[in-house]
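Using my numbering, the first residue of the sequence shown is number 22, and each one after it goes up by one.
Think of the CB as a built atom: it goes at the ideal place given N, C-alpha and C, for glycine as much as any other residue.
As the structure is a prediction and not an experimental result, all values here were calculated from the model.
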Amino acid sequence: MLEKSNTSGPDSEIGSECLKIRAHHLCCIQGFQGYGYSPAFVANLRAVISDIKASPSRPLELVSECDVICASCPNQRECIAQQSIASRRIRNMDLVVMEKLKIKEGIVMKADEAFRLINSQLANASDIEEVCGTCKWRRKCLWYIRDKDNYENKT
């Protein structure tokens, strides 16, 4: 389920394995409640979340392409082709997140730092809506609901 970086050998630790994560999945990971495209997808996402919680300093490579979470998605083939409207929309979510975080694709950072960054830089309801507004899971996503409501109540 988890993709390993090229770091291996007797001195490597599980926490040093780099996971490729779509930038917008930094939001999804925080709002996940057990819904998904298929049972295999849900199980994989749970495993990824559990792994990151167990190793918060694990390096993540932030990308705008299929990642370790997408590996179990039944729509993965369509996404890899990146030619459908849906795959372009999803990639755009990643690019918007990277723009708002002021990072370049492929940057590697510790998971806890990535979550702190996204939670501090998506600073208002319009930012959250811009990233998540077209997502089919937003009405069930705790991160979307919590942060959008929190920002709207502050203004």
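The alpha helix (DSSP H) runs lying completely inside the stretch 44 to 72 and spanning 4 residues or more are 46 to 52, given in chain order.
K121: member of the alpha helix (DSSP H) spanning 106 to 122, first to last residue. Comparing alpha carbon positions, the residue from K157, A135, N113, I166 closest to A146 is I166. Scanning G154, D72, R137 for the CA closest to the CA of R110 turns up G154.
By the CB criterion at 8 Å, L81 and A132 fall inside the cutoff. Residues L83 of the same chain have their beta carbon placed closer than 7 Å to that of I128, with the five preceding and five following residues left out of the count. Look at the beta carbons and you see the stretch 83 to 92 not touching the stretch 52 to 60: under three pairs across the two are nearer than 8 Å. Between the alpha carbons of W164 and C48 lies a distance of about 6 Å.
Here I42 is buried: its Cβ has 16 or more other Cβ atoms, across all protein chains shown, within 10 Å. Counted as a single uninterrupted DSSP element, the beta strand (DSSP E) harbouring L83 occupies residues 80 to 84. Under the three-state reduction of DSSP output, K157 falls in the coil class, being neither helix nor strand. By the neighbour-count criterion, in which a residue is buried when 16 or more other Cβ atoms sit within 10 angstroms of its Cβ, R137 is exposed. Counting along the chain, the unbroken alpha helix (DSSP H) around A132 starts and ends at 132 to 142. The residue among A135, D148, Q142 with its C-alpha nearest the C-alpha of I73 is A135.
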